[in-house]
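Here's the structure we're looking at; comments come further down.
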Amino acid sequence: MLQTLIPLAVDALANAALIFFVAVGLTLVFSVLRILNVAHGSFYSIGAYVAASVGLWIVGAGLPDWLTFPALFLSAAVVAAILGPLLEKTLVSWTYGKSEAVQVLVTFALFLILEDLQRIVFGVQSVYQDTPMAMLGISEIGGIVYLNYQLLLIGFAAALLIALRIFITRSRTGRLLAAVVADREVSEALGIDTKRMFMIAFTLGVFLAALGGALATPTTGVSPGLGADTMVLAFAVAAIGGLGQVEGAAIASVIVAAAKVLAIYFAPSLDAVAPYLVMLAVLLVKPYGLFGSGSTRKI
Amino acid sequence: MLTVDKLNVEIEGTRVLRDLSLSLRSGVCTVLIGRNGAGKTTTLRSIMGLIPRISGTVVLEGREIQDLPANRRAGMGIGYAPEDRRLIPDFSIEENILLPTLALKLPAEERRERLNQVFDFLPQLKDLRARPGGGVSGGQGKMVALGRALTVADKVLFLDEPFQGLAPALALEYARTLSRLRKYRPDLALLITESTPALLREVADEELQIERGEILQTATA
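Residue numbers (UniProt numbering), protein chains in the order written: chain W, 1 to 299; chain V, 1 to 221.
Right, here's the structure in full:
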């Protein structure tokens with residue numbers, strides 16, 4: 001029994017780690033900008049494409065293999081540094097204060113544009129680059145074989161959760177973001193540059209999604225449709241955890257990933273719907289998600 | 001100190017301020033009196049830069065600031081205590097008071113200094129410093145909002161309906177605090193809005209009446 005369950009648990013946690021990167025960015029952007037960004041999943045797939053391409057280039061150019069590790073982070077940072085400010089200052093900021101329908105339509109249009117751009121730039125063939133995973137190899141503990149890279153992913157996600165908590169509660173920018181989340185107008189009247197905070201939050205959201213995508217590349221091939229798949233999972237996580245909840249997103253990521261992994265193992269035909277069945281069940285009981293509430297806004 | 005000239009503001013197509021002009025001077029306490037909906041809060045929010053204007057100018061010490069975003073105006077020495085306190089509920093009282101100094105990137109020792117000044121002037125806040133902003137009473141919250149505004153109010157201080165919702169005893173205490181403020185910060189230009197002016201007679205130097213977005217008359221109290 002344990003021989004089956006432990007690898008499933010590790011698989012679920014590694015999946016949860018990747019979903020968490022995307023979902024926590026989505027939830028962060030929502031709490032600060034009050035925009036549900038439908039294009040958020042595209043940053044995951046763009047991060048994945050760029051990281052895989054850079055990794056292939058590093059290996060192809062005969063550079064040392066270990067460079068593929070920093071390349072994952074660097075790729076996400078470059079994607080965020082370019083796309084974050086550019087998109088926030090143009091399309092996204094244009095939707096501030098407009099109705100939710102307009103925001104969803106505009107970000108959906110952005111999603112379509114980004115999807116097609118990816119096809120033009122990266123093609124429709126699957127891109128695969130698993131050097132980081134191959135380098136780390138496997139461990140065998142108690143007769144069970146683990147991919148070391150999966151364990152590393154779980155560690156990264158846990159570190160991110162702690163780092164985000166410290167960032168929000170201790171750093172100057174984190175405190176100012178929390179104030180903007182609680183009361184935008186008063187924040188502005190007290191001297192907080194809310195426009196800058198919006199750009200920082202959006203760019204951080206892009207970075208986290210792109211990092212999730214980059215970290216996913218060693219375990220899976222990147223092909224068209226990845227952005228949409230990721231987006232719906234991230235929405236399910238944000239809904240289950242409660243929009244705006246960092247810890248909620250972490251726990252919901254584990255729930256969604258567990259539902260997915262269990263479905264793949266025990267009822268493969270339910271694989272795609274399992275996360276939404278869980279979401280449906282949660283929202284029936286708690287309409288604002290497990291940790292969310294209708295009134296208070298938190299980060 | 002601060003001059004507003006022919007300010008016109010619309011909210012959702014309705015004109016709420018009409019050619020509003022007023023002038024605040026250093027060391028002078030001006031009270032803006034009017035009924036609910038007359039445009040008192042809108043006046044403060046417009047001068048603060050929280051609502052876009054149609055036309056008109058706002059000049060602070062010779063510099064036109066009507067096109068600057070609200071956060072820059074705060075940085076130029078305008079403190080603002082909005083109606084309903086609006087403390088950040090998850091932040092401690094101390095953090096609420098310090099928020100403007102953090103936003104304006106004041107150095108650590110300067111922040112401490114300003115916090116101590118607020119505690120000097122409003123000692124009751126010192127005992128509340130660790131409490132969350134959401135966990136203080138209405139009267140205490142008004143004092144916190146005043147202290148928070150004072151940390152950046154180097155030149156001008158706006159208080160929006162400070163007596164609103166205060167029990168008579170607390171309102172009296174708040175009025176006394178304002179009298180003390182006049183002595184404590186003699187150079188400050190004060191603008192206070194109020195619907196019932198009785199409590200402000202003690203501190204008001206000038207009274208302005210506002211009705212349907214227009215200043216009616218200037219009377220010296």
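Beta carbons are placed, not taken as given, at the ideal position from N, Cα and C, and that holds for glycine.
The structure displayed is predicted, hence computed values, not measured ones.
Not flagged as an interface residue toward chain W: Asp-19/V, since no C-beta distance is shorter than 8 Å. Closest in C-alpha terms to Ser-99/W, from the list Ile-82/W, Ile-120/W and Arg-34/W, comes Arg-34/W. The distance from the Cβ of Gly-191/W to that of Val-152/V is about 6 Å, consistent with a contact at the 8 Å cut-off. From the beta-carbon of Ile-192/V, no residue of chain W is found nearer than 9 Å; the closest lies around 16 Å away. For Phe-163/V, the secondary structure class from DSSP, reduced to helix, strand or coil, is coil. Between Ile-240/W and Met-279/W, the beta carbon gap of about 5 Å places them in contact (Cβ cut-off 8 Å). Residue environment for Leu-216/V: exposed (fewer than 16 other C-beta atoms within 10 angstroms of its C-beta). Below the 9 Å Cβ cutoff, chain V contributes Pro-69, Ala-70 and Asn-71 as neighbours of Thr-194/W, in chain order. Contact between the stretch 113-132 of chain V and the stretch 63-76 of chain V is absent, with fewer than three C-beta pairs closer than 8 Å. Sixteen is the threshold: when 16 or more other Cβ atoms of the shown chains lie within 10 Å of the Cβ of Gly-242/W, as they do, the residue is buried.
Taking the Cα positions, Leu-211/W is about 20 Å away from Thr-107/W. DSSP assignment within the stretch 47-117 of chain V yields the following whole beta strand (DSSP E) runs of 3 residues or more, N-terminal first: 55-60 and 78-81.
Under the DSSP assignment, Leu-160/W falls in the alpha helix (DSSP H) whose first and last residues are 148-170. A Cβ of chain W is located within less than 8 Å of the beta carbon of Met-48/V. At least 8 Å separates the beta-carbon of Pro-268/W from that of Ile-144/W.
The contact set of Arg-129/V on chain W, defined by CB atoms closer than 9 Å, is empty, because the minimum CB distance reaches about 16 Å. Take Thr-193/V, set aside five residues on each side of it, and the residues of its chain with a beta-carbon closer than 6 Å to its own are Leu-32, Lys-40, Asp-160 and Glu-161, in chain order. For Arg-175/W, the chain V residues whose C-beta falls within less than 7 Å of its own C-beta are Leu-102, listed in chain order. With respect to the 8 Å criterion, Leu-290/W and Ala-252/W are classified as neighbours on the basis of their beta carbons.
Following the DSSP letters along the chain, one finds Asp-19/V inside the beta strand (DSSP E) bounded by residues 14-24.
The way I'd put it, the stretch 44-57 of chain W doesn't touch the stretch 9-17 of chain W; fewer than three beta-carbon pairs between them come closer than 8 Å. Per DSSP, Val-31/V is not a residue of any alpha helix (DSSP H); the beta strand (DSSP E) it occupies stretches across 29-33. Proximity of chain W to Gly-75/V at the Cβ level (cut-off 7 Å) is accounted for by Gly-191, in chain order. About 14 Å separates the beta carbon of Arg-45/V from that of Asn-8/V, a gap too long to meet the 8 Å contact definition. Contact between Ala-81/V and Phe-158/V holds, since their C-beta atoms are separated by about 7 Å, short of 8 Å.
Contacts between Ile-88/V and chain W, judged by CB atoms closer than 7 Å, involve Ala-179, Ala-182 and Asp-183 in chain order.
For Ala-61/W, no alpha helix (DSSP H) encloses it, and the DSSP letter there is neither H nor E.
Contact with chain W is absent for Pro-52/V, since none of that chain's Cβ atoms lies less than 8 Å from the residue's Cβ.
In the DSSP assignment, Asp-183/W falls outside any beta strand (DSSP E), carrying neither H nor E. Excluding its 5 nearest sequence neighbours in each direction, Trp-94/W has C-beta neighbours in its own chain below 8 Å: Val-106, listed in chain order. Setting aside the 5 residues that flank it on each side, Thr-30/V is surrounded in the same chain by Leu-24, Leu-191 and Glu-206, each with a C-beta closer than 6 Å to its C-beta; the list follows chain order.
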